[in-house]
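Residue numbers for the sequence shown, in the numbering used here: 1 to 360. All C-beta atoms in this analysis are idealised placements derived from N, C-alpha and C, irrespective of residue type, glycine included. Fair warning: this is a prediction, and the values are worked out from it, not measured in the lab. Presented below is the structure to which this report refers.
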Amino acid sequence: MRRHNEEFPASGINERDWAVLAAMIERHILTAEPVSSHQICAHYPLGCSSATIRNSMVRLEEADFLSHPYTSSGKIPTVKAYRYFVEKILQISGGESLEVQQLRAELLQRVQDVEHIMKLTAAVLATVSNLLAVSWVAEGPDERLMRVELARLSPQKLLLMAHTSYQHEVHHMFEFHEAINAEVLEHVVALVNQHGCGLGAAELAVLSHAEWPGLDQRIAELVRQALTIIGSRLKGQGSDDMVVQGTANLISQPEFKDVGLIRRLVGLLDHRQELLQSFAAPGIERNGLRVVIGGDEGNGFPPLSFITIGIRLQGGREARLGVVGPMRMEYRRVIPLLEQTAETLAQVLGPFPGTRLQEG
Numbered sequence: 001m002r003r004h005n006e007e008f009p010a011s012g013i014n015e016r017d018w019a020v021l022a023a024m025i026e027r028h029i030l031t032a033e034p035v036s037s038h039q040i041c042a043h044y045p046l047g048c049s050s051a052t053i054r055n056s057m058v059r060l061e062e063a064d065f066l067s068h069p070y071t072s073s074g075k076i077p078t079v080k081a082y083r084y085f086v087e088k089i090l091q092i093s094g095g096e097s098l099e100v101q102q103l104r105a106e107l108l109q110r111v112q113d114v115e116h117i118m119k120l121t122a123a124v125l126a127t128v129s130n131l132l133a134v135s136w137v138a139e140g141p142d143e144r145l146m147r148v149e150l151a152r153l154s155p156q157k158l159l160l161m162a163h164t165s166y167q168h169e170v171h172h173m174f175e176f177h178e179a180i181n182a183e184v185l186e187h188v189v190a191l192v193n194q195h196g197c198g199l200g201a202a203e204l205a206v207l208s209h210a211e212w213p214g215l216d217q218r219i220a221e222l223v224r225q226a227l228t229i230i231g232s233r234l235k236g237q238g239s240d241d242m243v244v245q246g247t248a249n250l251i252s253q254p255e256f257k258d259v260g261l262i263r264r265l266v267g268l269l270d271h272r273q274e275l276l277q278s279f280a281a282p283g284i285e286r287n288g289l290r291v292v293i294g295g296d297e298g299n300g301f302p303p304l305s306f307i308t309i310g311i312r313l314q315g316g317r318e319a320r321l322g323v324v325g326p327m328r329m330e331y332r333r334v335i336p337l338l339e340q341t342a343e344t345l346a347q348v349l350g351p352f353p354g355t356r357l358q359e360g
């Protein structure tokens, strides 16, 4: 587990101060309002007076764990405080939630294909977390040709079979304008495998227009046709789709009561690459889970948190789940929920080797 450029605990902060900070964070998550010492005394059994809590709050503010809004006598936890809070949560493992058990049952009953599974998972995750939820198959290396075979179904009808780096098989039947014998077919296969293996869609497209001096015209034409077919079926970078569910959950949060902030949020969702970059920003990590706290402050947003986790698929690709919410989201519930949902998704996706969101 890697920490986010912070050293904890801070000097001068005692155990009671940490207990006060935890209580203030829990209260802030619940109310979205600045928290006073009187509220802590009234709602959390810390066994100390309001004056003692105020002294702790002073030390926490000096250590940059609390900030003091000008319009309120209370204080709110800072980005640094929430990062510390999440560090502590990640050291604790919880049991499987009822929501995840229900999700597993629903996925197993309604399994159709990877695209359907990812959409359903994001929809359920948005509902149970009350946050914005996303799912996507992460961009990996370009899909590449590994091996090609050609079989004659009739003198002019051919079956092309291509094996790719995503462990995907391309099958395509086509007819040539004249009869092809086995010798010609073997020559075509040898040339395509010699020059095309290891190439992606863009490179195969270039190769399909290459000149083949001295080569029999039928063989050259078949080589170009095979390369064109394979290239059109391979996936390149930037072809992955992101599913977004629960936008209304996010804009209903108190932090987004300003219409201008809602417009900027919609703009972020319209530019998916920026959203991917937010999930990939430096954060707290554990076993494939990444928590980015206070992201996008520079874009005029209230501090947001981005949590994502990956599920390794066959063929070197990776499915990812994520949630976006205000910095004061319920980490104690959301982090285990996301981890357990990822485990469920991995179990459900197990029978789908080499699958992807969209097949060509």
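In its chain, beyond the 5 residues on either side, I309, I311 and L321 have a beta carbon closer than 6 Å to the beta carbon of A342. Contact between V323 and A133 is confirmed by a C-beta separation of about 5 Å, below the 8 Å threshold. Secondary structure note for T164: it is in no alpha helix (DSSP H), and the uninterrupted beta strand (DSSP E) holding it is K157 to T164. Of all alpha-carbon atoms in K257, V259, S305 and E255, the one lying nearest the alpha-carbon of Q277 is that of S305.
With respect to the 8 Å criterion, A42 and F85 are not classified as neighbours on the basis of their beta carbons. Residue nearest to R332 within the set T52, R83 and V148 is R83 (criterion: CA-CA distance).
Excluding the 5 residues flanking it on each side, G288 has same chain C-beta neighbours closer than 7 Å at I309 and G310, in chain order. The three-state secondary structure of F279, taken from DSSP, is helix.
Distance from the CA of S73 to the CA of L60, rounded to the nearest whole angstrom, comes to 15 Å. Distance from the CA of A190 to the CA of A126, rounded to the nearest whole angstrom, comes to 51 Å. Linking P155 to A205 through their CA atoms gives a straight-line distance of about 27 Å. Look at R224 here: in three-state DSSP terms it is helix.
Pairing I89 with V148 gives a Cβ-Cβ distance that is not under 8 Å. Nearest C-alpha to H177 among F279, A32 and E221: E221. Per DSSP, P336 is not a residue of any beta strand (DSSP E); the alpha helix (DSSP H) it occupies stretches across Y331 to L349. The shortest C-alpha to C-alpha distance from R144 to any of G200, V192 and V184 is the one to G200. Going by beta carbons, S129 and M146 fall outside the 8 Å limit.
From the listed residues L207, V188 and C197, the smallest Cα separation to Q217 is found for V188.
For the pair A226 and L160, the CB atoms are nearer than the 8 Å cut-off.
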